[in-house]
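Data first, discussion second: the structure below is written as structure tokens.
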Amino acid sequence: MGLVDVNHEWAPKSSIELILGAILALLVGKTALFLWGGVQIRMRFKSMRAQGIPIIEPYSLLWGHLKVLGALKGQFPPDAQPNYAQIHIIQHWQEYFPSAKECPHIVYLDIWPVQSTPIALIIDPAMCQELVTEKNFPRGISMKRLAEPVIGQRNLIWFDGAEHRLWRSRLNPGFSMRNLHSYMGALVDEAEIFLENLKATTRPDGRWGSVFPLMPKTIDLTFDIIGRVVLDLHLNEQRNGPTELQSALRTLTTKHFFFRTLATLPKRFNPFFRYEGWHSVQKLRKILVPRIQQQIGAEQFTKQKTVLQLAMKEYMNDTQGAKSSKGSSDQFVEDVFGQVRLFLFAGHDTTACILTWAFHYLSKRADVLEKLRAEYDSVFGTDLRAVADKVRQSPQLLNSLPYTTAVAKEVMRLAPLAATVRQAPPGAFFTASDGTRLPAYGFALITGTAMIDYHPELWPRPDEFLPERFMVPPGDPLYPSKPGQWRPFEAGPMNCIGQELSMIEIKLVLLFTVREVDVEPAFDEWDQLPENVGKPRHTIKGERAYRQAKGISPPTDGLPVHVRFRNPVTA
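In the numbering used here, the protein residues as written are 84 to 654.
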């Protein structure tokens with residue numbers, strides 16, 4: 084009997100037992116590595132503090148910076164963008180760096196285990212320039228993973244080095260000012276439709292119209308524009324949307340665009356959530372790939388050349404006209420699909436946010452609005468019916484709007500939308516003004532755009548909307564004197580390829596609207612709608628409109644507004 088028991092004890096294990104044992108061993112190993120990584124991060128921060136490198140206090144070997152950041156987060160609405168906490172730190176830096184004699188160049192954050200890579204927020208403009216120009220480190224994996232569900236892996240965000248340079252050279256012609264001017268008629272058409280849609284919400288007697296969220300309308304506008312410029316797609320989102328294309332992309336943008344951290348682990352492993360993302364991408368593929376193949380197969384290009392057509396021309400030059408190569412053309416289609424996803428995402432969401440915030444800030448400064456209107460009267464005349472034709476015939480007139488440019492720049496400063504994340508090679512460091520070596524390797528290197536934009540030592544009266552900052556001469560207290568302190572489009576060879584298009588859109592929309600209608604936030608009226616009664620009404624510094632932590636930081640509820648005619652029709 085004992086022999087039988089012994090034989091039974093040593094009998095071969097089933098396949099299921101072996102698999103479960105292997106999985107358990109793998110989990111134990113990964114957990115041990117994860118914990119050891121946390122210990123190394125804590126020890127590194129302890130060593131940095133001992134070397135005199137400024138670290139946010141209080142810092143805990145047990146909690147890292149989780150407690151101090153948690154307390155900061157509690158000061159703001161639960162749905163507020165995290166960069167409000169960053170702004171608070173920079174505007175009260177003496178409190179968080181009690182032993183520092185000057186504001187640190189880099190803010191190091193240890194938020195393990197929420198994120199396994201510590202963060203380095205670079206808040207010195209010169210160091211930011213060094214990061215993206217001289218050093219030009221590749222983009223960090225956290226930034227790539229952030230955007231991957233929306234744009235995939237075959238695009239300018241994911242490409243580094245030679246591959247990035249190749250595709251940037253292929254795509255640059257499509258975003259050149261010369262090519263964009265060839266689309267001015269189409270852009271004017273879309274701006275006119277946007278104005279029509281605003282007018283449709285007004286009352287003819289000059290009273291305010293009904294309240295509605297502004298951002299969906301700016302999204303429709305920018306989606307129509309980017310569709311025409313990139314693929315010559317006439318989406319008609321402003322009149323007939325949302326289309327299936329926009330709905331799929333908005334699902335990805337609003338639900339799947341987030342950092343991969345421990346806190347988001349349950350969502351990422353939810354099979355229904357993953358299917359939603361996959362299904363949305365398949366919708367994009369079904370709509371976009373045939374259009375891409377159609378343009379690639381065209382024997383002749385139209386007079387107005389899309390971004391895709393010009394990229395195709397560069398591709399054929401690169402391959403000496405080897406258009407019929409099946410493998411290379413299939414890869415080209417896949418690469419273009421990735422680039423188009425990127426342009427549709429970045430080209431509509433960011434500019435829509437900027438435009439929405441522009442109307443918010445302009446509503447608070449009647450004097451700024453009057454200066455804008457005076458500039459438009461001076462450059463385009465007072466006959467509003469003639470503006471569209473003048474822009475179509477002479478698009479270069481948009482370059483004669485310095486005050487409009489200043490307004491756009493100030494809006495982008497007050498509503499920072501993006502930053503770049505880079506990763507350094509082993510041994511890389513920055514040098515502080517006192518000669519201290521500041522470590523770069525092993526950190527997610529982030530240009531601290533929000534902290535820079537609200538830094539009181541860089542921008543006097545940083546919380547105020549003052550377009551004059553960008554109009555005053557050097558030596559004026561408001562003048563932005565440090566190179567690189569205004570960086571919404573970033574700098575260097577990996578800067579925003581669509582910045583010229585974005586500026587054109589902003590100028591066109593303001594030109595067509597501010598002399599025709601008044602747009603004013605209307606949260607009180609919004610709160611009284613039956614579907615909003617009883618909902619929380621959060622504020623930041625008394626403002627209902629704040630940047631929310633979803634997508635590209637839209638304003639609260641899409642910025643509820645109402646509109647009225649400036650010159651009402653009377654009976």
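Idealized CB from N, CA, C, for every residue including glycine.
LEU528 - partner residues in DSSP beta bridges
ALA203, ARG505
Residues in its own chain within less than 8 Å of LEU278 by CB, not counting five upstream and five downstream?
PHE595, THR596, GLU599, VAL600
Helix, strand or coil, according to DSSP, for SER143 in the structure here?
strand
Would you kindly work out how many angstroms separate the C-alpha atoms of LEU145 and ARG552, rounded to a whole number?
44 Å
Checking 7 Å against the spacing of the C-beta atoms, do GLY634 and PHE442 come in under that value?
no
Nearest neighbour of TYR142, chosen from SER636, MET126, GLY157 [CA to CA]
MET126
Quick check on the burial criterion: 16 or more other C-beta atoms within 10 angstroms. Buried or exposed for HIS247?
buried
First and last residue of the alpha helix (DSSP H) that includes LEU484?
First-last for LEU484: undefined, no H or E at that position.
Return the CA-CA distance between CYS186 and ASN262, expressed in angstroms with no decimal places.
44 Å
Can you tell me which of the three DSSP states GLU100 falls into?
helix
Closer than 7 Å by C-beta to GLU320: which residues in its own chain qualify, once you throw out the five before and the five after it? Chain order, please.
ASP303, PHE306, ASP307, THR326, GLN329
Residue(s) in a DSSP beta bridge with ILE623:
GLU626
Take the Cβ of GLU540 as the centre, count every other Cβ of all protein chains shown within 10 Å, and call the residue buried at 16 or more, exposed below.
exposed
With DSSP as the reference, label HIS645 as helix, strand or coil.
strand
Express the C-alpha separation of ASP243 and PRO287 in angstroms, rounding to a whole number.
55 Å
For LEU214, does the three-state DSSP call read helix, strand or coil?
helix
From what residue to what residue does the alpha helix (DSSP H) around ARG286 run?
Per DSSP, ARG286 belongs to no alpha helix (DSSP H) and is neither H nor E.
Cut-off 8 Å between Cβ atoms - residues of its own chain near TYR562, not counting five sequence neighbours on either side
ARG552, VAL555, PRO556
Taking the Cβ atom as the reference point for each residue, do ILE138 and TYR191 lie within a distance shorter than 7 Å?
yes
Span of the beta strand (DSSP E), counted from its first residue to its last, around ARG322:
Here ARG322 belongs to no beta strand (DSSP E); instead the alpha helix (DSSP H) covers 320-323.
Which stretch, first to last residue, makes up the beta strand (DSSP E) that contains VAL294?
From DSSP, VAL294 is part of no beta strand (DSSP E); its letter is neither H nor E.
So, with DSSP's three-state summary, where would you put TYR537?
coil
From the DSSP output, which residues share a beta bridge with GLN631?
ALA163
For GLN506 versus GLY223, is the C-beta spacing smaller than 7 Å?
yes
Spell out the partners DSSP gives LEU192 in its beta bridges.
ILE202
DSSP on PHE220, reduced to helix/strand/coil?
coil
Pick out whichever of ILE170, GLY147, LEU101 has its Cα sitting closest to the Cα of LYS624.
ILE170
Please list the terminal residues of the continuous beta strand (DSSP E) segment that includes PRO187.
Per DSSP, PRO187 belongs to no beta strand (DSSP E) and is neither H nor E.
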